[in-house]
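Everything on this sheet refers to the single structure shown next.
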Amino acid sequence: MDAQDQRMVDRYLKDLRRELRDVPKGQAEEMIAEVRAHISESLAGEGAGDDVRTVLDRVGDPATIAAEARERLDVHPVPVGGLEVAVLVLLAIGGFVIPVFGWVAGVVLLWISEAWSSREKVIGTIIGPASIFLALMLFLFARTGIGLAELSILGAVLAFAAGGAISALYLGLRMRKRAGHSDETPVRRRWLIPSIVLVALLVVGGIAWALSGRSVDVPAGYQKVGTVGGQTLWAMRSTHAGQPRVSLMTTGSMGGMCNGGGPYGDYRLAICDGGVPDVGYIIVVPVTPQAHTVDTKSGNPSFTILAAPRGWPYSFAMAVGDQQDLPTLGRLEVLDSKGQSIPPAKAAGA
Amino acid sequence: MVAAKKDRLIPQMRRGTLEYCVLALLRREERYGFDIVKELEQVEGMVTGEGTLYPLLARLRRDGLVVTTWRESPTGPPRRYYKLSAAGTRALDEFVVEWGRFRDAVDRFVGEGSA
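Protein chains in written order, with my numbering: chain A, 1 to 350; chain B, 1001 to 1115.
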């Protein structure tokens, strides 16, 4: 048997293995081994002399052998119905309709369904969280100058949308392969294409919603004063204990905004209290993970700069001040979104 | 319609009885797959597609009607030999009885000499 013959036999056995994919593995491998032995006996044994093509023809079409195997071994394709459609829809968009729980429900139903193997279920379960994780890692390592919080949340949402769509697509395709062997499922299979289309539409809708529905409602009195590091900065002038006061907040942080110098969620903002006539400019300082308090001369505004979470490449600590405060805060710098120092006049933003 | 029924009936009868033919082949001696196929092929129409016999052998083995052992081959790699198990012998004996009755019953109506 020359190399070309060997290739033909290998291809034949590969086809057979593919056709036998839904037959229990042990029996499938046993049959493949037996057919392989049969072929070599036919080619080498007494009375041999037939060419490979003739031998393979006599062994028969792999699909026929597989059909026989399914019948003899009682391998029945798993019926595909409403449960499976629900799994696909929930995994793809459930997390957007009912945050998190929709997706969890999809996973639960996935594990109840018998239409997928355990391996497929594990893959279908992992894809969603894994894509979020990947996206976050990417954003953390790619030190983009754009606001990290904004990117992270957007990235996570997009990754979750993509992950859901991918897992639904993957499971849909695996399911179709299984159903493809059955004579009884075509009626149910008709649901498959429409539901994939439906899921795709809902995913697109979900992404559009996620992108557009993120407009932040800023409390009354705040004005947009500029963007710092990709974050929109809002400020409000008020009076506090007889002193003029400027409150700052950023939008684009997790789920809303941060305000007023105290820790809110993962973010901490420095706020300048008293004596500031206007939002002159915004100072963005890269800080170490420890909190700093920079006290200026008595009577001058006090800037409290609090640390951003450890490991963040860019600090969200901010302060507002008047031009005249800068000399006393000599170590503070105004940085643009790329971390470059920029003159205070330009940093005034809006 | 009659023709269509006949087209299905004969292959189905052949299919249903093939496993007992295989068991019967193994009654006296153990055999390997290729050998079983060649033996069955001696009778026209018993085997359509040599490869389709292996699913049947896998089934018989799964159901414990045959057991297999590896034996050296004089010409090539070791061969898997199939041997009738006790359960296989029992199943075959039962079938032989049933088959005799069935064949006689059918012959009584359709066989030669029936009026």
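The beta-carbon is built from N, C-alpha and C at its ideal position, and this holds for glycine as well.
Between the alpha carbons of A/L43 and A/V55 lies a gap of roughly 7 Å.
The criterion of a C-beta distance shorter than 7 Å is satisfied by B/L1026 and B/L1084. Put simply, the CB of B/G1051 is near chain A, with a gap under 7 Å to one of its CB atoms.
B/G1049 and A/V59 do touch by the CB rule: their CB atoms are close to 7 Å apart, below 8 Å. Using a CB distance below 7 Å, the part of the region 28-41 of chain A facing chain B consists of E30, M31, E34, V35, A37, H38, S40 and E41, ordered along the chain. When the alpha-carbon of B/L1056 is set against those of B/R1014, B/T1069 and B/D1007, the nearest one is in B/R1014.
Less than 7 Å divides the Cβ of A/A105 from the Cβ of A/L90.
Taking 8 Å as the cut-off between beta carbons, the residues of the region 1061-1080 of chain B near chain A are R1061, R1062, T1075, G1076, P1077, R1079 and R1080, in sequence order. When DSSP assignments are scanned along the region 53-127 of chain A, the uninterrupted stretches of alpha helix (DSSP H) that are 4 or more residues long and fall wholly within it turn out to be 62-72, 82-89 and 101-112. Contact holds between the region 160-178 of chain A and the region 109-123 of chain A, because three or more Cβ pairs, one in each stretch, are under 8 Å apart. B/Y1081 and B/E1030 have their alpha carbons spaced roughly 6 Å apart. In the three-state reduction of the DSSP assignment, A/L138 falls in the helix class. As the crow flies, the alpha-carbon of B/R1061 is around 6 Å from that of B/V1067. When C-alpha distances from A/A33 are compared across A/D10, A/L173 and A/I207, the shortest belongs to A/D10. For B/L1056, the enclosing alpha helix (DSSP H) begins and ends at L1053 to R1062.
Neighbours of B/F1102 in chain A, taken as residues at a C-beta separation under 7 Å, are lacking, since the least C-beta distance is about 22 Å. Residue environment: B/V1047 is assigned as buried (16 or more neighbouring CB atoms within 10 Å of its CB, all protein chains considered). Here A/K25 is not bridged, per DSSP, to any residue. For B/V1066, no alpha helix (DSSP H) encloses it; the enclosing beta strand (DSSP E) starts and ends at V1066 to R1071.
When Cβ-Cβ separations below 7 Å define contact, B/F1095 makes no contact with chain A. A distance of 7 Å or more separates the beta carbons of A/A130 and A/G155.
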